[in-house]
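Written below as structure tokens is the structure these notes are about.
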Amino acid sequence: MKIKTEKVSEGLNRRAVTFPSEGETLRGWLYFPADFKPGRKLPGIVTANALSGIKEINLPQYAERFAAAGFITLIFDYRYWGESSGEPRFHIAPGEFRTDISAALTFLAKQPEVDPSCIGGWGISMGGQHMLSLATWEPRFKAIVATSTGISNPTQEAPLSPEAAKAKYDQLAVAAIAEREGRARAGIKTLQAWCPKPQEGCLLPVEEAYNWYENARRTFAPTWENKITSTSFQNLAADDPVFAIHLAKAPILIVHPDRDVVSVDTVLFYFKRAPEPKRLVVPGGLHTSTYVNGSHMEMAAFEAIAWFKRYLSENKR
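Using my numbering, the letters of the sequence shown correspond one by one to residues 319 to 635.
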């Protein structure tokens, strides 16, 4: 059977793929150089998306640059999101998402174009946090890059006073309990994932993220919806995936803007605990500066490519 590919840009192709994860069907795109010669094996990269992100947002611009640099690159939707299966929709389940990333790694390693001994992991925001966790728990990753990472719990870093944060936690906890109690009767309750300022019925009051996702929805990702389940809040608040970073097996690069909603001090706390080899790059910019096509994104992609070339190159195989 002939595998259908589509041209993304001059010199780059991609194909739609599906693969299983714990009974769910995950859907994504595999990017590769258009001049790829059958029989050759290239290093690969699995990507992991941000909170509420779908594969059309945040990932393609990086996948294109990684593939142009010679890496077979996989982007995909987590379960419950985008074109992947799973109920309830718009649900955040960090542990399950990390399982999805491992399933993506298994799939990529089986592709005939890929050298299974040379696969790296790249993540942005929440996806960066997942990759930092998998640096410890997933030895098949030979290099890790976390960009604008949500290395701490995102609900802890939203720009709220302690009093406002407590009120928000109380409100979201009540909503989550109501969802659990009422799910059988009335279905799943959703909140806004992002909003420009603190308000009832919104998980994260981060204006720059709200503006970025709404612009994406209006311009190039019309299927994205600003929704998240109420119980996602408790799943996020209870998740501490980077506690064992001192046991990481893969080299770690972190690219983290100096005005990120997750403070550089928070990132430094974990970075200092990570073993060598490691590298921290702190450019100017906001959390979403590395999401948008432009100098910040180009710099972040350049740093990631250099890191992957160093640790996934042929002389490392």
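We treat Cβ as the ideally placed atom computed from N, Cα and C, and that holds for glycine.
Predicted model, so just to flag it, every value in this text is computed and none were measured.
Please list the terminal residues of the continuous alpha helix (DSSP H) segment that includes residue i.
i, result
"asparagine 533", "525-537"
"lysine 567", "Segment: none, lysine 567 is in no alpha helix (DSSP H) and carries neither H nor E."
"tryptophan 399", "Where tryptophan 399 is concerned, there is no enclosing alpha helix (DSSP H), given that its DSSP letter is neither H nor E."
"glutamate 382", "378-386"
"phenylalanine 408", "Neither: phenylalanine 408 is in no alpha helix (DSSP H) and is coded neither H nor E."
"leucine 554", "548-555"
Please state the DSSP three-state secondary structure of residue i.
i, result
"glutamine 510", "strand"
"arginine 591", "helix"
"asparagine 637", "Any property of residue 637 remains undetermined from this structure, which presents the chain solely from 319 to 635."
"glycine 438", "strand"
"serine 581", "coil"
"lysine 325", "strand"
"tyrosine 349", "strand"
"glutamate 342", "strand"
"isoleucine 372", "coil"
"aspartate 433", "strand"
"threonine 336", "strand"
"threonine 541", "coil"
"isoleucine 419", "helix"
Quick check: the Cα distance between residue i and residue j, rounded to an integer number of angstroms?
i, j, result
"alanine 534", "asparagine 376", "9 Å"
"valine 599", "leucine 571", "8 Å"
"proline 412", "isoleucine 469", "12 Å"
"tryptophan 530", "valine 326", "23 Å"
"valine 573", "glutamine 447", "12 Å"
"leucine 604", "methionine 615", "11 Å"
"arginine 577", "threonine 467", "12 Å"
"valine 579", "arginine 333", "35 Å"
"leucine 423", "isoleucine 623", "18 Å"
"glutamine 429", "glycine 400", "23 Å"
"serine 581", "glutamine 552", "22 Å"
"alanine 566", "phenylalanine 425", "23 Å"
"arginine 503", "glycine 519", "Reliability fails at arginine 503, whose pLDDT of 49 lies under 50, so the model's placement of it is uncertain and the value that follows must be treated cautiously. Cα to Cα, arginine 503 sits roughly 20 Å from glycine 519."
"proline 575", "proline 601", "5 Å"
"tryptophan 625", "aspartate 583", "23 Å"
"valine 585", "proline 356", "42 Å"
"glycine 346", "lysine 322", "14 Å"
"glutamine 510", "glutamate 532", "12 Å"
"serine 550", "lysine 627", "36 Å"
"phenylalanine 459", "glutamate 526", "31 Å"
Under 8 Å between the Cβ atoms of residue i and residue j?
i, j, result
"isoleucine 390", "glycine 438", "no"
"alanine 368", "serine 420", "no"
"tyrosine 588", "valine 560", "yes"
"glutamate 324", "serine 402", "no"
"glutamate 431", "phenylalanine 350", "yes"
"methionine 449", "alanine 427", "no"
"phenylalanine 538", "glutamate 328", "no"
"arginine 597", "histidine 564", "no"
"serine 370", "arginine 416", "no"
"isoleucine 372", "threonine 541", "yes"
"alanine 555", "glycine 441", "no"
"tyrosine 528", "proline 516", "no"
Beta-carbon within less than 6 Å of residue i's beta-carbon, same chain only, minus the 5 sequence neighbours each way: which residues are those?
i, result
"proline 569", "Ala461, Pro595 and Tyr629"
"arginine 383", "Ala619"
"phenylalanine 311", "Residue coverage of the chain in this structure runs from 319 to 635, which leaves residue 311 outside it and unanswerable."
"alanine 381", "Tyr349, Thr391 and Ile393"
Where do the ends of the beta strand (DSSP E) carrying residue i lie?
i, result
"leucine 452", "Where leucine 452 is concerned, there is no enclosing beta strand (DSSP E), although the alpha helix (DSSP H) it sits in stretches over 444-455."
"leucine 360", "360-366"
"lysine 515", "Careful: lysine 515 lies outside any beta strand (DSSP E) and carries neither H nor E."
"arginine 628", "That residue, arginine 628, is in no beta strand (DSSP E); its alpha helix (DSSP H) goes 613-630."
"isoleucine 678", "As shown, the chain starts at 319 and ends at 635. That puts residue 678 outside it, with no answer to give."
"lysine 596", "596-599"
Using a Cβ-Cβ cutoff of less than 7 Å, which residues in the same chain neighbour residue i once the five nearest sequence positions on both sides are dropped?
i, result
"aspartate 418", "Ser339, Leu344, Tyr396 and Arg397"
"leucine 360", "Gly388, Phe389, Ile390, Glu431, Val432 and Asp433"
"methionine 617", "Pro601"
Please work out which residues of its chain come closer than 8 Å, Cβ to Cβ, to residue i, disregarding the five sequence neighbours upstream and downstream, and give them in chain order.
i, result
"leucine 330", "Tyr349, Phe350, Pro351, Ala352, Glu382, Ala385 and Ala386"
"glutamine 379", "Asn611, Met615 and Ala619"
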